[in-house]
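Data block below; observations after.
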Amino acid sequence: MDEELPLPLLGRMRVVHWVALDFLLAAVVLAVSVDGAVGRTPAFGAPPWLAFAAASAAAAPLAVRRRSPLAGFALVLGGNTVVTVLGVSGNPAIPVALTLYTLALTRPSRGSAAAFAAGLSITLAADVVWLAAEHPALEGQTAIELTLASTAVIAAGWALGVARRSQRRYAAHAAEQRVRSAVTDERLRIARELHDVIAHSMSLITVKAAVTNYLLDSQPEQARAALAVIEASGHNALAEMRRMLGVLRADNEPYSPPGGTVASPEPPAPCLDDLPQLAARAAEAGVHVDVQVHDAAGLPEGVALSAYRIVQEALTNVIKHAAPTRCRVRIEATDAALNLDVTDDGQAKRAASWGAPGHGIIGMRERVALFGGDFYAGPVADGGFRVSARLPLTPSGTTAPPERNTA
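Here this note's numbering is used: the first residue of the sequence shown is 103, the next is one more, and so on.
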């Protein structure tokens, strides 16, 4: 089992940690603001208590900025405007930038842009009022530097908030797309399994039902044998369906029906060892199959199941489109890949029915694509039809094939 990676530090922080961090930030800003008010005479003859009250109002809302971003921004902006006009604050733009960051992080871009424009305009206007009242002789370059510093701080807070919000939205969209992709892939997998399970058995049942209808009066013994094949095919289809539904269940506990009887465990997934039984069922529908398997022991379970399903679907198509005929199945494994080839020499209904690929060929091609392999399906020059596939045993991006279980 892969070792679970720890979450990043920010991912491990809980709500209480963020609240504590906000209170600490508010305390630091409050201390700086009060320290700026100590020893300074407020402009316009304002009483000292007003400066302390405004400094507190400018810092305290930082503690609850996550709960009420807009209200916190408005309170901080108002308090900082007062302390700026009174000239008792070092740089009031920092608290405004902090609350503007939170507002941009939690509000749509249009609303946060309006708040940014209002915050920047009011802060710069307060700077101008203070400079005009208390420092009319201040050099123009110094005034411009102060204005640019306030603009840069406030703009940085807003821009970081907008960027962080965009990053979160992108991450949420990417996660949603991954979920949708996983759901789509699972639906395709279930559709392939359903098609492979049902199509093969239904093809046999359809062929034998037609034979039974034709022989019922004239050759009842052969009709009875055809009915036995139909019954066996139905049992096989039900067994495969139970196995597939058992795999699809989320939990591993045995399913208990309403009566209380525990259902038997689902049968194992088919593999290449089951090809003789598959060939025998095809023979009952008039397709004589010659199966040859070389060096295919110990294959990965996914490769073996996919190879079986490809052969099953290929034989199903032979039964539907070319029976009665002969068919050759060749499977050979190398260190790098599993190669399989299914070729029949039938001619019946082939030209009309293979004009466009159906769900069966699409499903086979998708199975091969999952392993990054090669797939071909088409007519052969001297008549008949061929399905071939190459399923790599080496995962993409590796240089050596995985070890095969030869025990």
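Ideal Cβ placement from N, Cα and C applies to all residues, glycine included.
*Contact set for Ile332: own chain, Cβ-Cβ below 8 Å, skip 5 residues either direction*: Counting only Cβ-Cβ distances below 8 Å, and skipping sequence neighbours, we find Leu306, Ile307, Lys310, Ala311, Thr314.
inquiry  = Looking at the secondary structure, which residues open and close the beta strand (DSSP E) in which Thr427 lies?
reply    = Per DSSP, Thr427 is one residue of the beta strand (DSSP E) stretching across 427-435.
* Among Ala334, Leu188, Ala409, which has the Cα closest to the Cα of Ala387? -> Here the closest residue by C-alpha is Ala334.
8 Å contact criterion, which Arg469 and Ile412 should meet: CB distance rounded | Between Ile412 and Arg469 the Cβ distance is about 6 Å, and since that is below 8 Å, they are a contact.
_the segment 255-274 in contact with the segment 429-447 per 3-pair CB rule at 8 Å_ = Output reads no: the segment 429-447 does not touch the segment 255-274.
message: Relative to the C-alpha of Ala483, which candidate in Phe477, Leu123, Asp447 has its C-alpha closest?
response: It is Asp447 whose Cα lies nearest to the Cα of Ala483.
To the nearest angstrom, how far is it from the Cα of Ala416 to the Cα of Val391?
The alpha-carbon atoms of Ala416 and Val391 are separated by roughly 11 Å.
query = Quick one: is Asp287 buried, meaning 16 or more other Cβ sit within 10 Å of its Cβ, or exposed?
reply = Its Cβ having fewer than 16 others within 10 Å, Asp287 is exposed.
Practice task
Can you check DSSP and say which residues form a bridge with Pro494?
Solution key: The bridge partners DSSP lists for Pro494 are Ala439.
Can you name the residues that DSSP bridges to Ala220? Secondary-structure assignment with DSSP links Ala220 through no beta bridge to anything.
Span of the alpha helix (DSSP H) holding Pro171?
-> Segment 171-188, the alpha helix (DSSP H) holding Pro171.
Exposed or buried, which one is Ser214 when buried takes at least 16 other CB atoms within 10 Å?
Here Ser214 is buried: its Cβ has 16 or more other Cβ atoms, across all protein chains shown, within 10 Å.
Per DSSP, what kind of secondary structure is Gln269 in: helix, strand or coil?
Of the three classes helix, strand and coil, the one that applies to Gln269 here is helix, per DSSP.
Exposed unless 16 or more other CB atoms sit within 10 angstroms - verdict on Arg294: Only buried fits Arg294, as 16 or more other CB atoms lie within 10 angstroms of its CB.
TODO: Give me the Cα-Cα distance between Ala385 and Asp376, rounded to the nearest whole angstrom.
DONE: Those two C-alpha atoms are separated by around 15 Å.
Go to Ala483, then tell me how far its alpha helix (DSSP H) extends in each direction, as first and last residue.
-> Ala483 -> no alpha helix (DSSP H), and no H or E assigned at all.
**Request:** Go ahead and pull the three-state DSSP assignment for Gln321.
**Result:** In the three-state reduction of the DSSP assignment, Gln321 falls in the coil class, being assigned neither a helical nor a strand state.
Next item on the list: Could you check the C-alpha separation between Pro149 and Leu132 for me, to the nearest Å?
Entry: Looking at the two C-alpha atoms, the distance is approximately 19 Å.
- Could you give the DSSP three-state label for Phe477: helix, strand or coil? Taken through DSSP and simplified to helix, strand or coil, Phe477 comes out as strand.
Quick test of your reading: Val178 and Val198, contact by CB under 8 Å. State the CB separation rounded to the nearest angstrom. Approximately 6 Å separates the beta-carbon atoms of Val178 and Val198; this is inside 8 Å, confirming the contact.
TODO: Determine the burial state of Val444: buried for a count of at least 16 other Cβ atoms within 10 Å of its Cβ, exposed for fewer.
DONE: Its Cβ being crowded by 16 or more others within 10 Å, Val444 is buried.
What span of residues does the beta strand (DSSP E) with Val389 cover, start to end? From DSSP, the beta strand (DSSP E) with Val389 extends over 389-396.
On a Cα-Cα basis, can you pick out the residue from Gly475, Ala227, Val489 that is closest to Pro481?
If we check each option's Cα against that of Pro481, Val489 comes out closest.
request  = Would you list the one or two residues that DSSP bridges to Asp446?
outcome  = Per DSSP, Cys429, Phe487.
task: Check whether the segment 221-233 touches the segment 268-283, taking contact to mean three or more Cβ pairs, one atom from each stretch, closer than 8 Å.
output: The segment 221-233 is not in contact with the segment 268-283.
Option nearest Ile421 by Cα separation, candidates Gly400, Phe477, Pro494, Arg383: Ile421 has its Cα closest to that of Arg383, out of Gly400, Phe477, Pro494, Arg383.
Looking only at its chain, what residues have a beta carbon closer than 8 Å to the beta carbon of Ser408, apart from the 5 residues adjacent to it on each side? Counting only Cβ-Cβ distances below 8 Å, and skipping sequence neighbours, we find Arg469, Val470, Leu472, Phe473, Leu493.
Are there 16 or more other CB atoms within 10 angstroms of the CB of Tyr410, so buried, or fewer, so exposed? Around the C-beta of Tyr410, 16 or more other C-beta atoms lie within 10 Å, and the residue is accordingly described as buried.
task = Report yes if the C-beta distance between Pro163 and Gly174 is below 7 Å; otherwise report no.
result = It is a contact, given that the beta carbons lie within the stated cut-off.
- Item | Whether Val184 touches Ala156 by CB criterion (7 Å) | Cβ distance < 7 Å, so Val184 and Ala156 count as in contact.
Quiz item: Around the C-beta of Ala450, are 16 or more other C-beta atoms found within 10 angstroms, so that it is buried, or is it exposed?
Solution: Note that Ala450 has pLDDT 46, beneath the 50 cutoff, so the model's placement of it is unreliable and the number below is only indicative. Taking all protein chains in view, the Cβ of Ala450 is surrounded by fewer than 16 other Cβ atoms within 10 Å, so the residue is classified as exposed.
Terminal residues of the continuous alpha helix (DSSP H) containing Arg411? For Arg411, the enclosing alpha helix (DSSP H) starts and ends at 403-423.
Within the continuous alpha helix (DSSP H) that includes Leu380, where are the two ends? Where Leu380 is concerned, the enclosing alpha helix (DSSP H) starts and stops at 377-386.
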